[in-house]
Amino acid sequence: MKYKGIIFDLDGVLVHTDKYHYLAWKQTADRLGIYFDEKINNKLRGVSRMASLEIILEGSTKKFSDGQKQKLAEEKNSVYRRYLEGLTQKDLGEGVLQTLEKLKAMGFKLAVGSSSRNAVLILKKTGIYGFFDAVSDGNNISKPKPDPEVFIKAAGMLGLMCGQCLVVEDAVSGVLAATAANMDCAAIGDAAKHKIATYNLESINQLTDIVS
Ligand code: BG6
Ligand code: MG
Numbered sequence: 003m004k005y006k007g008i009i010f011d012l013d014g015v016l017v018h019t020d021k022y023h024y025l026a027w028k029q030t031a032d033r034l035g036i037y038f039d040e041k042i043n044n045k046l047r048g049v050s051r052m053a054s055l056e057i058i059l060e061g062s063t064k065k066f067s068d069g070q071k072q073k074l075a076e077e078k079n080s081v082y083r084r085y086l087e088g089l090t091q092k093d094l095g096e097g098v099l100q101t102l103e104k105l106k107a108m109g110f111k112l113a114v115g116s117s118s119r120n121a122v123l124i125l126k127k128t129g130i131y132g133f134f135d136a137v138s139d140g141n142n143i144s145k146p147k148p149d150p151e152v153f154i155k156a157a158g159m160l161g162l163m164c165g166q167c168l169v170v171e172d173a174v175s176g177v178l179a180a181t182a183a184n185m186d187c188a189a190i191g192d193a194a195k196h197k198i199a200t201y202n203l204e205s206i207n208q209l210t211d212i213v214s
């Protein structure tokens with residue numbers, strides 16, 4: 003088989019957390035009187051928490067100190083984590099559970115490669131933590147996507163070379179990170195529309211065909 007390992011982005015690929023990111027950022031933006039909509043939210047896919055805040059603050063004429071930015075990011079994260087507390091298996095993307103089961107049965111090593119610092123909480127809440135041999139996330143990287151660090155570390159944790167891994171991504175920044183890591187990438191959702199990945203999927207169910 004062409005690949006030995008599959009590295010999944012989390013938010014927007016495995017779990018529908020994007021709506022909770024949106025609602026939590028919207029609360030902060032509304033309080034500051036900054037315009038924020040789904041289109042701006044799309045720019046935050048795969049982008050780190052602080053970089054997301056910077057994008058939102060572009061909508062304000064005010065200057066914010068580093069301390070204020072830190073507080074705003076913490077405020078958003080505590081609202082976001084309240085949403086995460088209510089996560090269940092129902093928040094998994096359609097076909098995710100079946101796809102993970104099939105890939106495991108086919109003998110692939112599976113990892114998560116996410117910019118999120120809440121990745122383990124999300125994986126546990128949705129009941130899929132046990133599928134993964136490694137979790138590379140916002141806690142073990144110094145450079146966010148589109149830097150390849152998160153995927154290179156995931157491959158290392160799996161004991162594989164980058165070229166043996168396929169990345170699954172919904173964000174343009176994530177596809178760019180996979181490419182920079184010298185990994186093939188299957189794009190779904192927003193990223194698939196840009197046609198910059200190795201494969202463009204309409205559904206995660208197509209993954210098992212690509213890798214077999
Ligand atoms: C990515 C999301 O997975 O994680 C981004 O696509 C988010 O929208 C980033 O900003 C950081 O997440 P967290 O949970 O650490 O704030
Ligand atoms: Mg994503």
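Position in the sequence shown (from 1) plus 2 gives the number in the numbering used here.
Backbone N, C-alpha and C define an ideal beta-carbon position, used for all residues, glycine too.
Remember, it's a predicted structure, so these values are computed and weren't measured experimentally.
beta-carbon residue i near the ligand BG6 non-hydrogen atom, thresh 6 Å
i    : result
S116 : yes
N141 : no
L178 : no
S62  : no
N184 : no
R84  : no
Check: residue i C-beta below 6 Å from any heavy atom of the ligand MG
i    : result
D93  : no
G191 : no
G69  : no
R47  : yes
D11  : yes
D172 : yes
Residue environment, residue i, which counts as buried when at least 16 other CB atoms sit within 10 Å
i    : result
M108 : exposed
M163 : exposed
G176 : buried
V147 : Per the sequence shown, residue 147 should be read as Lys rather than Val. That one is buried.
H196 : exposed
R47  : buried
D211 : exposed
Nearest-angstrom Cβ-Cβ length linking residue i and residue j, presumed shorter than 8 Å
i    : j    : result
G115 : I42  : Actually they do not touch by this definition, with Cβ atoms about 24 Å apart.
G95  : V169 : Going by Cβ atoms, the distance from G95 to V169 rounds to 16 Å, so no, they are not a contact pair.
D135 : K111 : 5 Å
Y131 : L86  : Not a contact, Cβ separation roughly 14 Å.
*Can you find at least 3 beta carbon pairs, one from the stretch 27 to 46 and one from the stretch 135 to 148, that sit closer than 8 Å?*
No: fewer than three Cβ pairs fall under 8 Å.
*Give, in chain order, every unbroken run of the alpha helix (DSSP H) that is at least 4 residues long and sits entirely within the stretch 32 to 120.*
DSSP assignment within the stretch 32 to 120 yields the following whole alpha helix (DSSP H) runs of 4 residues or more, N-terminal first: 40 to 44, 51 to 59, 68 to 87, 98 to 107.
*Three CB pairs or more closer than 8 Å across the stretch 145 to 159 and the stretch 12 to 30*: Cβ pair count under 8 Å is below three, so no.
_Using a Cβ distance threshold of 8 Å, determine whether the stretch 97 to 112 contacts the stretch 49 to 58, with at least three qualifying pairs required._
Counting Cβ pairs under 8 Å, fewer than three are found: no touch.
*Go through the stretch 155 to 196 residue by residue and report every complete run of the alpha helix (DSSP H) that reaches 4 residues or more, in order.*
Within the stretch 155 to 196, the complete alpha helix (DSSP H) runs of at least 4 residues are 174 to 182, 192 to 195.
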